[in-house]
Amino acid sequence: MSEQKTDTGMVIKIGHLYPTLMSVAADRGNLFSIERRSRWRGISIDVEPIYVKQTPDFTKYDLILIHGAADREMEVASKDIQHKASSLKEAAESNTVFLSVCAGFQLLGHYYKPFDGPELKGVGLFDLYTEGSTTRFMTHMALECKFPETGTKLLVGYENHSGRTFLGSKTQPLGKVLAGWGNNGKDGVEGVVYKNAFGTYTHGPVLPKNPWFTDLIIQRALERRYGKVTLLPLDDSTENAAHAAALKLAMEFKGTMSAIEATAWKH
Numbered sequence: 254m255s256e257q258k259t260d261t262g263m264v265i266k267i268g269h270l271y272p273t274l275m276s277v278a279a280d281r282g283n284l285f286s287i288e289r290r291s292r293w294r295g296i297s298i299d300v301e302p303i304y305v306k307q308t309p310d311f312t313k314y315d316l317i318l319i320h321g322a323a324d325r326e327m328e329v330a331s332k333d334i335q336h337k338a339s340s341l342k343e344a345a346e347s348n349t350v351f352l353s354v355c356a357g358f359q360l361l362g363h364y365y366k367p368f369d370g371p372e373l374k375g376v377g378l379f380d381l382y383t384e385g386s387t388t389r390f391m392t393h394m395a396l397e398c399k400f401p402e403t404g405t406k407l408l409v410g411y412e413n414h415s416g417r418t419f420l421g422s423k424t425q426p427l428g429k430v431l432a433g434w435g436n437n438g439k440d441g442v443e444g445v446v447y448k449n450a451f452g453t454y455t456h457g458p459v460l461p462k463n464p465w466f467t468d469l470i471i472q473r474a475l476e477r478r479y480g481k482v483t484l485l486p487l488d489d490s491t492e493n494a495a496h497a498a499a500l501k502l503a504m505e506f507k508g509t510m511s512a513i514e515a516t517a518w519k520h
């Protein structure tokens, strides 16, 4: 834990999309991580929850969060988000930072087709589509990621999804899979990046055990509003210990479909 620094006068305005409808697998911890690592540096956080039937101007936010959900909740969100789609895409084009996880990641693509249900239309912010499978990927995951601000870094988390996501030509993957299955279990990549918008299947939640990624999101959100920013360093000994433990699990379960049953997936 770090001490609160002197107020910098800077603020990050966050739009939390569907905070109750789409909030599984402890993903709310991503918001907690952003809040604490910002406030420890004297950076204020202004969080605005965005619910069904609300249509704000998404370009006013520096950061937009959308997390995971089951298919039934995702069906509700799919219908509602069409009224928000134009503004969401405008925000992405204006370099608003997005963190989308699992169902949120799928919903920002063109569509999600459950294996036993109707096709759910997405936003089309990401050039990707997702189709459901009868087989779930439920295991620890490790990725190799590379960004100009960070160089090559490892990102760890836990994947739990039946969707198989395929990227189009207008997007890049978040990282290369070192352990786990990633977007579809075939092409060796995980997640998506488009401008400042990130999508991933990593739960855990992902940010507390990946402080470098949290700081990248904070930095880019600040720079959208204030220009070039250098973040004060924090004591990450606890976070790095959690990262190391998660990485160890990912490597131990490498090649298994489920960390619960520890059964190998046969392609």
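Note that this note's numbering has the sequence shown beginning at 254, numbered continuously upward.
All residues carry an ideal CB built from backbone N, CA and C; glycine is no exception.
Tell me the rounded alpha-carbon separation between residue i and residue j.
| i | j | result |
| --- | --- | --- |
| Trp465 | Glu397 | 13 Å |
| Thr424 | Gly404 | 19 Å |
| His269 | Met263 | 19 Å |
| Lys507 | Phe390 | 12 Å |
| Lys266 | Ile334 | 20 Å |
| Thr516 | Thr388 | Note that Thr516 scores 45 on pLDDT, short of 50, meaning its location in the model is unreliable; the coordinates nonetheless yield the value given after this. Between Thr516 and Thr388, the C-alpha separation is close to 12 Å. |
| Ile298 | Met275 | 21 Å |
| Val409 | Ala497 | 9 Å |
| Leu378 | Leu361 | 5 Å |
| Ser386 | Phe311 | 33 Å |
| Thr521 | Glu288 | Outside the displayed span of the chain (254 to 520) sits residue 521, for which this structure offers no information. |
| Asn413 | Lys406 | 22 Å |
| Asp260 | Arg292 | 8 Å |
| Glu492 | Asn463 | 7 Å |
| Lys501 | Pro458 | 17 Å |
Below 8 Å on the Cβ atoms is my guess for residue i versus residue j; work out the distance and round it to an integer in Å.
| i | j | result |
| --- | --- | --- |
| Phe392 | Thr467 | First, the amino acid is wrong: residue 392 is Thr here, not Phe. No, Thr392 and Thr467 are not in contact; Cβ-Cβ is about 23 Å, not under 8 Å. |
| Glu443 | Met504 | Incorrect: roughly 16 Å between the Cβ atoms, too far for contact. |
| Tyr314 | Ala278 | No, Tyr314 and Ala278 are not in contact; Cβ-Cβ is about 23 Å, not under 8 Å. |
| Leu381 | His363 | 7 Å |
| Leu484 | Arg294 | 6 Å |
Closest by CA to residue i, which one among the options?
| i | options | result |
| --- | --- | --- |
| Gly441 | Leu420, His456, Phe358, Thr273 | Leu420 |
| Lys481 | Leu500, Leu407, Glu402, Lys332 | Glu402 |
| Pro367 | Glu384, Ser297, Phe506 | Glu384 |
| Lys337 | His363, Leu352, Lys313, Val376 | Val376 |
| Arg290 | Ala503, Leu500, Leu469, Ala494 | Leu469 |
| Thr418 | Cys355, Phe400, Gly370 | Cys355 |
| Asn437 | Ser422, Val446, Gly416 | Gly416 |
| Ile303 | Thr273, Lys399, Leu502 | Thr273 |
| Glu301 | Trp293, Asp324, Tyr271, Val329 | Tyr271 |
| Phe358 | Tyr447, Asp489, Ile296 | Tyr447 |
| Ala323 | Ser347, Gly370, Ile296, Thr308 | Gly370 |
Could you have a look at residue i and say whether DSSP puts it in helix, strand or coil?
| i | result |
| --- | --- |
| Gln425 | strand |
| His496 | helix |
| Lys406 | strand |
| Glu397 | strand |
| Pro302 | strand |
| Glu505 | helix |
| Lys519 | Confidence in Lys519 is poor, its pLDDT being 49 and thus under 50, which makes the residue's placement too unreliable to answer from. |
| Phe419 | strand |
| Ser511 | strand |
| Gly438 | coil |
| Leu318 | strand |
| Phe285 | helix |
| Ile265 | strand |
| Lys481 | coil |
| Met254 | With a pLDDT of only 49 at Met254, under the threshold of 50, the placement of this residue in the model should not be trusted, and no figure is reported. |
Quiz prompt | Stretch pair the segment 471-488 + the segment 425-440: three plus CB contacts closer than 8 Å | solution = The segment 471-488 vs the segment 425-440: no contact.
Quiz item: Three or more C-beta pairs closer than 8 Å, one from the segment 278-285 and one from the segment 307-323: is that the case here?
Solution: yes
Quiz item: Is the segment 447-454 touching the segment 350-370, taking contact as three or more C-beta pairs under 8 Å?
Solution: Yes: at least three Cβ pairs fall under 8 Å.
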